[in-house]
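First up is the structure itself, then whatever we jot down about it.
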Amino acid sequence: MAHYRALGRLPRQRHTQLRDDDGHLFREELMGEEGFSSDSSLLYHRGVPSAITDSQVWQLPDQTRTPNHPLKPRHLELHDLETGTCPVEGRRTVLGNNDVRLTYVVTGTDPSPLYRNAIGDECVFVETGSGVVETVFGVVPYRAGDYVVVPRATDHRWVPAEPSRLYAIEANSHIHPPKRYLSRFGQFLEHAPYCERDLHGPAETFQADGTDVEVLVKHRTSAGIVGTRLTYATHPFDVVGWDGCLYPYTFNIEDYMPITGKVHQPPPVHQVFEGWNFVICNFLPRKVDYHDLAIPVPYYHSNVDSDEVMFYVGGDYEARKGSGINLGSISLHPGGHAHGPQPSAIEASLGVPYFDESAVMVDTFAPLELGEGGLAVEDPAYAWTWAGRGPDAAGEDGGPAVYSNS
1 MAHYRALGRL
11 PRQRHTQLRD
21 DDGHLFREEL
31 MGEEGFSSDS
41 SLLYHRGVPS
51 AITDSQVWQL
61 PDQTRTPNHP
71 LKPRHLELHD
81 LETGTCPVEG
91 RRTVLGNNDV
101 RLTYVVTGTD
111 PSPLYRNAIG
121 DECVFVETGS
131 GVVETVFGVV
141 PYRAGDYVVV
151 PRATDHRWVP
161 AEPSRLYAIE
171 ANSHIHPPKR
181 YLSRFGQFLE
191 HAPYCERDLH
201 GPAETFQADG
211 TDVEVLVKHR
221 TSAGIVGTRL
231 TYATHPFDVV
241 GWDGCLYPYT
251 FNIEDYMPIT
261 GKVHQPPPVH
271 QVFEGWNFVI
281 CNFLPRKVDY
291 HDLAIPVPYY
301 HSNVDSDEVM
311 FYVGGDYEAR
321 KGSGINLGSI
331 SLHPGGHAHG
341 PQPSAIEASL
351 GVPYFDESAV
361 MVDTFAPLEL
371 GEGGLAVEDP
381 AYAWTWAGRG
391 PDAAGEDGGP
401 AVYSNS
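Counting in UniProt numbering, the sequence shown runs from 1 upward without gaps.
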């Protein structure tokens, strides 16, 4: 996030002394990306940010993944998925690969433990609910429709004000706005569908006291993703001030301005963020194609280099009528397989001036595998809905079953 912010107490010049009223020196921490050759922030702690008193194993939820083999499109019904209520420890893995993992949790109202993802940035889409994320940088409120972007290695905890449905995109990299939206100096350009004023970071510092404070840390070893419970001598939320271009923030889909055209626009016009080997897009309520002979729903397409994941979160998704897709559904359309609207949806869309639909899309450039949570809520009939019948289905008369495309 290349937009400078400054909060709390700071010395006039960086890397110089800052003391409290009793003369005690605050400890400066430089939190920086890419070997301190990219965005960074300077934080001023009352305690020593590296002082730990214990380290124990944190047993993560099931991380196993199953390849999508034999190849087929998938429909996962997330609203049927039973999860824990902790915003961090209750997450279940839906889909993933070695670049990104998609998890889901339905929270209660209890705060999560203190948490740090040392593997990559997290972009958490808030399907429903509200609350705050307390962070080492300050408090970030969230509401339904927000993307909550938390930089790698940021100490934070989720504090729901009400039960919240959270769809977490956990990267092995950083997550940022697409480069084509930015000037060479990092300002959003006029053709971008959102701008700096739509991004909301902490408004003030947030401090907490405590000793021997536990932080759950997700990190990597040669064996894969693991967890550690680190105990700190003092509370990580002891920052009296910070400045820089690295911090958590929210962006709400209401502030995204969809790009439309005379004929159907390709998925890249809907992009909102990108990470290493994946992109995030959102499809939102919008006027659609205005050519006299336009076909508003998407054409059949084969995204030969990537897998496509759609999470349906609002409205009435025109292209999926008759497929079983509903709010809370995820569709996975893998590379190597063409996909598109249900057959009857094409004619039904002709002349429609407006789509009332909301969906979050993740396209990955490496194959996605199914997590244990995804396998638990798969709709086995989905792959056959374009043909109207499946290989193992039978109708009442013993013949092939027919699935509605209306």
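Just so it is clear, CB atoms sit at the ideal spot from N, CA and C, and this is done for glycine as well.
Item to complete: Alpha carbon to alpha carbon, how far is Glu254 from Gly145? Give it in angstroms, no decimals.
Response: The residue you call residue 145 lines up with position 145 of the sequence shown. The residue you call residue 254 lines up with position 254 of the sequence shown. Answer to the nearest angstrom: the Cα atoms are 7 Å apart.
Worksheet entry | Separation of Tyr317 from Phe355, as counted between CA atoms | Taking the first residue of the sequence shown as position 1, residue 355 is located at position 355. Taking the first residue of the sequence shown as position 1, residue 317 is located at position 317. Distance between the alpha carbons of Phe355 and Tyr317: 8 Å.
Worksheet item: In the DSSP assignment, what residue or residues form a beta bridge with Glu274?
Response: Residue mapping note: residue 274 aligns to position 274 of the sequence shown, counting from 1. According to DSSP, which records beta bridges pairwise, Glu274 is partnered with His176 and Val279.
Worksheet item: In whole angstroms, what is the alpha-carbon distance linking Thr234 and Leu25?
Response: Taking the first residue of the sequence shown as position 1, residue 234 is located at position 234. Taking the first residue of the sequence shown as position 1, residue 25 is located at position 25. Going from the Cα of Thr234 to the Cα of Leu25 covers about 15 Å.
Worksheet item: If you draw a straight line from the alpha carbon of Val88 to that of Val362, how long is it in whole angstroms?
Response: Position 88 of the sequence shown, counting from 1, holds the residue named residue 88. Position 362 of the sequence shown, counting from 1, holds the residue named residue 362. About 21 Å.
Worksheet entry | Residues near Trp158 in its chain [Cβ-Cβ closer than 6 Å; skip 5 each side] | For this step, residue 158 is matched to residue 158 along the sequence shown. Pro87, Ser112 and Val133.
Worksheet item: Is the distance from the Cβ of Pro70 to the Cβ of Phe137 below 7 Å?
Response: As a working note, residue 70 is residue 70 in the sequence shown. As a working note, residue 137 is residue 137 in the sequence shown. No.
Worksheet item: Hey, Val105 and Leu166 are a contact pair by Cβ (cut 8 Å); roughly how many whole angstroms apart?
Response: By 1-based counting over the sequence shown, the position of residue 105 is 105. By 1-based counting over the sequence shown, the position of residue 166 is 166. About 5 Å separates the two Cβ atoms, so the contact holds.
Worksheet item: Within this structure, are the beta carbons of Tyr256 and Tyr194 separated by less than 7 Å?
Response: Looking up residue 256 in the sequence shown gives position 256. Looking up residue 194 in the sequence shown gives position 194. Yes, these two residues count as a Cβ contact at 7 Å.
Practice prompt. Would you mind reading off the limits of the alpha helix (DSSP H) that contains Arg376?
Written response: For this step, residue 376 is matched to residue 376 along the sequence shown. Reading off the sequence shown, one finds Ala at residue 376, where the question assumed Arg. From DSSP, the alpha helix (DSSP H) with Ala376 extends over Glu372 to Ala376.
Worksheet item: Based on the DSSP secondary-structure assignment, which residues constitute the bridge partners of Asn252?
Response: The residue labelled residue 252 in the question sits at position 252 within the sequence shown. Note: Asn252 sits in a beta bridge opposite Asp146.
Worksheet item: CB Val215 to CB Arg116, shorter than 7 Å?
Response: Position 215 of the sequence shown holds residue 215. Position 116 of the sequence shown holds residue 116. Yes, Cβ-Cβ distance for Val215 and Arg116 is below 7 Å.
Worksheet item: Whole-angstrom Cβ separation of Tyr306 and Ala338, contact assumed at under 8 Å?
Response: Looking up residue 306 in the sequence shown gives position 306. Looking up residue 338 in the sequence shown gives position 338. Per the sequence presented here, residue 306 reads as Ser, with Tyr not at that position. Contact doesn't hold; Cβ gap of about 13 Å is too wide.
Discussion item. If contacts are defined as beta-carbon pairs under 8 Å, then Ala366 and Asn98 qualify, I think. What distance do you get, rounded to the angstrom?
Written reply: As a working note, residue 366 is residue 366 in the sequence shown. As a working note, residue 98 is residue 98 in the sequence shown. Contact holds; Cβ gap of about 7 Å.
Worksheet item: Rounded C-beta distance between Tyr249 and Ser41? I'm assuming under 8 Å.
Response: Translated into positions along the sequence shown, residue 249 becomes position 249. Translated into positions along the sequence shown, residue 41 becomes position 41. About 12 Å; that fails the 8 Å criterion.
Worksheet entry | 6 Å CB neighbourhood of Glu170 in its chain, flanking five on each side removed | The residue you call residue 170 lines up with position 170 of the sequence shown. Excluding sequence neighbours, Glu170 sits near Arg101 and Glu122.
Item to complete: Pick out whichever of Val240, Val288, Asn277 and Lys321 has its Cα sitting closest to the Cα of residue 407.
Response: With the chain running from 1 to 406 in the structure shown, residue 407 is simply not present.
Discussion item. 7 Å is my cut-off, CB to CB: does Asn282 come that close to chain B?
Written reply: Of the protein chains in this structure there is only one, and it is not chain B.
Worksheet item: How would you call Val48, buried or exposed, if buried means at least 16 neighbouring beta carbons within 10 angstroms?
Response: Start at 1 with the first residue of the sequence shown, and residue 48 comes out as number 48. By the 10 Å Cβ count, Val48 comes out exposed.
Worksheet entry | Coarse secondary structure for Pro268, derived from DSSP in three states | Taking the sequence shown and counting its residues from 1, the one referred to as residue 268 is at position 268. If DSSP states are grouped into helix, strand and coil, Pro268 belongs with the helices.
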